[in-house]
Amino acid sequence: MKNLIMLALSLTLLLAGCAPNFNKQEEVVQEDKNEKDKAIIPNYKISEKYYRTLLPFEPSESRGLVVNNISTKYDINEFETGLMRVAQNTFDPDKYLFQEGQYLERSTVQAWLNRKFTDDQLKERDMKAEDNIGLNPMIADGGDIEKNNEKSPIYLAHILEHNYLLKNDDGKVGLGGVVIGLAMNSVHYYQKEQYGATFETDIKRSVIEQEGKKMAEEILQRVRQIKGLKDVPVTIALFEQQSRTSVVPGSFFAYATADKGSTKLGGWEDINEKYVLFPSNTAEKNHRDDLTAFLNFKQDVETYFPNFNGVIGKAFYAQDQLQEINIDIPIQFYGKAEGIGFTQYVTGLVVKHFPEYISVQVNISSVNGPEALVVRKADQSEPFVHIYH
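Just so we're aligned: the sequence shown equals residues 0 to 388 in numbering that gives the first Met the number 0.
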């Protein structure tokens, strides 16, 4: 107990000594849509993998749609953060600033996510032919609903825009590029009647990829017609979201970039990223060595509490190499001292079972909420430990 308190005190002093002064900031002029407003660039960012964000924060007009269109909270988080990782291939985080998308309006995104309508459907909706701009395939009224949905599923679930800004020598900030993420469905859900049972049909990755690339080309043509986006680089990335029951997120699998003023996307680049649940059949089949390390960790945890077997891990792979693993341990404690002792034990297991080249995060929780957090970043020998009070 004394050692843990000393460790926490040392960490507090260390963080206090090296914490950045967030009062340091730079004032610039943002040129946006023919308007000039004063903005602030923070001098610090919390990690090399994140972009600095221009202040004051300007929300996207389509903000909030992602919650309605993406199936799980895991996919929502990964769709956003994964798109930032894709952006780093084109826009250097040391040079560019991040801003939520300011050009695709809410109504535009919603219209693009629609199905194409038949002539009869257009008449029913009192719509003109030029408003028939849905990117998902048309589905006829009547007939066999099941066959129609299997033949023409909804491929595109959501469109997310990110803007990347550059500062020039005059202290002015302007748009330097746009990144657009297309969330593609791996499962299409539909109902045969209103308020009836929900049915589903799987969509193959090859089909998702084919349809996504076609949609990306069409979206680029439309983006070039939007005021302010005619001459900036545009990157479009494809994301495969998982089913509604998945406990791991989907991942981006391809991206392409159109140079300034170009109406054609360059060659598509594959993205080799994925999330794997530990333990699982997928982990057993494709990542046996990593799974063995996790199972040894899990076994030692269960030795501490013999009747407990609730350790779950979510592993992130890039280029088929394990990069990080997040482990959840939900457990019931009967006193704070018991929780502290268990956290110390788990911290030792992290060092014992996982190599230093991967990042490990262990979340220990109870019915009362978070109890402790153990984090060891890649290439660090000593974990950071926090006990919640």
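Don't be surprised by glycine CBs; every beta carbon is placed ideally from N, CA and C.
Reduced DSSP category for residue i - H, G, I as helix; E, B as strand; rest coil
| i | result |
| --- | --- |
| G338 | helix |
| Q320 | strand |
| Y73 | helix |
| Q109 | helix |
| S380 | coil |
| Y189 | strand |
| N67 | helix |
| Y102 | coil |
| D269 | strand |
| T281 | helix |
| Y344 | helix |
| D258 | coil |
| P19 | Confidence in P19 is poor, its pLDDT being 44 and thus under 50, which makes the residue's placement unreliable; the coordinate value appears in the next sentence. Three-state result, P19: coil. |
| R84 | helix |
| P92 | coil |
| F353 | coil |
Residue i burial status per 10 Å Cβ neighbour count (16 or more: buried)
| i | result |
| --- | --- |
| A139 | exposed |
| R287 | exposed |
| I357 | buried |
| P305 | exposed |
| T80 | exposed |
| F56 | exposed |
| V389 | Any answer about residue 389 is impossible in this case: the structure gives the chain only from 0 up to 388. |
| K273 | buried |
| M214 | buried |
| V366 | exposed |
| D378 | exposed |
| N280 | exposed |
| T291 | exposed |
| I45 | exposed |
| A86 | buried |
| H385 | exposed |
| Y95 | buried |
| V275 | buried |
| A255 | buried |
| P152 | buried |
| V345 | buried |
8 Å Cβ shell around residue i - same chain, five flanking residues per side excluded
| i | result |
| --- | --- |
| N68 | L112, A156, H157 and A182 |
| V231 | L174, G175, G176, V177 and K259 |
| A253 | E208, G211, K212, A236, L237, W267, E268, D269 and I270 |
Distance between beta carbons of residue j and residue i, contact taken as under 8 Å
| i | j | result |
| --- | --- | --- |
| L228 | Y102 | 6 Å |
| R114 | P92 | About 38 Å; that fails the 8 Å criterion. |
| G338 | A314 | Not really, about 26 Å apart at Cβ, beyond 8 Å. |
| D169 | V186 | Incorrect: roughly 50 Å between the Cβ atoms, too far for contact. |
| Q360 | I330 | About 16 Å separates the two Cβ atoms, so there is no contact after all. |
| L264 | E216 | 6 Å |
| I132 | E160 | Incorrect: roughly 16 Å between the Cβ atoms, too far for contact. |
| P58 | R51 | Not really, about 17 Å apart at Cβ, beyond 8 Å. |
| L64 | V108 | 6 Å |
| F307 | L348 | Rounded, the Cβ-Cβ distance is 14 Å, inconsistent with contact. |
| Y303 | F251 | Not confirmed; about 38 Å, so no contact. |
Bounding residues of the alpha helix (DSSP H) (the contiguous stretch that carries residue i)
| i | result |
| --- | --- |
| R287 | R287 to Y303 |
| S364 | Taken as a continuous stretch (DSSP letters only), S364 belongs to no alpha helix (DSSP H), being part of the beta strand (DSSP E) at S358 to S365. |
| A215 | R204 to V222 |
| L121 | D118 to E123 |
| V247 | Here V247 belongs to no alpha helix (DSSP H), and DSSP marks it neither H nor E. |
Unbroken beta strand (DSSP E) run spanning residue i, endpoints
| i | result |
| --- | --- |
| Q240 | V233 to Q240 |
| G173 | K171 to N184 |
| V310 | Neither: V310 is in no beta strand (DSSP E) and is coded neither H nor E. |
| I138 | No beta strand (DSSP E) holds I138; DSSP gives it neither H nor E. |
| I386 | F383 to I386 |
| Q395 | No answer is possible for residue 395: it lies beyond the span of the chain, which begins at 0 and ends at 388. |
| L397 | Any property of residue 397 remains undetermined from this structure, which presents the chain solely from 0 to 388. |
| D230 | Taken as a continuous stretch (DSSP letters only), D230 belongs to no beta strand (DSSP E), as it is neither H nor E. |
| K150 | K150 -> not in any beta strand (DSSP E); alpha helix (DSSP H) instead, spanning I144 to K150. |
| L396 | With the chain running from 0 to 388 in the structure shown, residue 396 is simply not present. |
| V275 | E272 to F277 |
| F198 | T197 to D201 |
Neighbourhood of residue i by C-beta distance below 6 Å, restricted to the same chain and skipping five residues each side
| i | result |
| --- | --- |
| F293 | F277 and G312 |
| F383 | V374 |
| F391 | Residue 391 lies beyond the residue range present for the chain, which begins at 0 and ends at 388; the question has no answer from this structure. |
| V300 | V310 |
| N33 | Residue placement at N33 is flagged as unreliable, the pLDDT there being 46, under the threshold of 50; the coordinate-derived value follows with that caveat. Cβ within range, chain order: n/a, list empty. |
| R105 | E60 and S61 |
| E77 | P248 |
| I328 | V310 and I363 |
Contacting residues, own chain, Cβ-Cβ under 7 Å from residue i (five flanking each side not counted)
| i | result |
| --- | --- |
| I144 | K191 |
| K376 | S358 |
| D74 | Q240, Q241, P248 and G249 |
| D319 | N271 |
| R243 | S70 and T71 |
| N20 | Residue placement at N20 is flagged as unreliable, the pLDDT there being 43, under the threshold of 50; a coordinate-derived value is accordingly withheld. |
The ligand MG heavy atom lying under 7 Å from the CB of residue i
| i | result |
| --- | --- |
| V108 | Inclusion of the ligand MG in the displayed structure is not the case, the ligand content being empty and no account of it being possible. |
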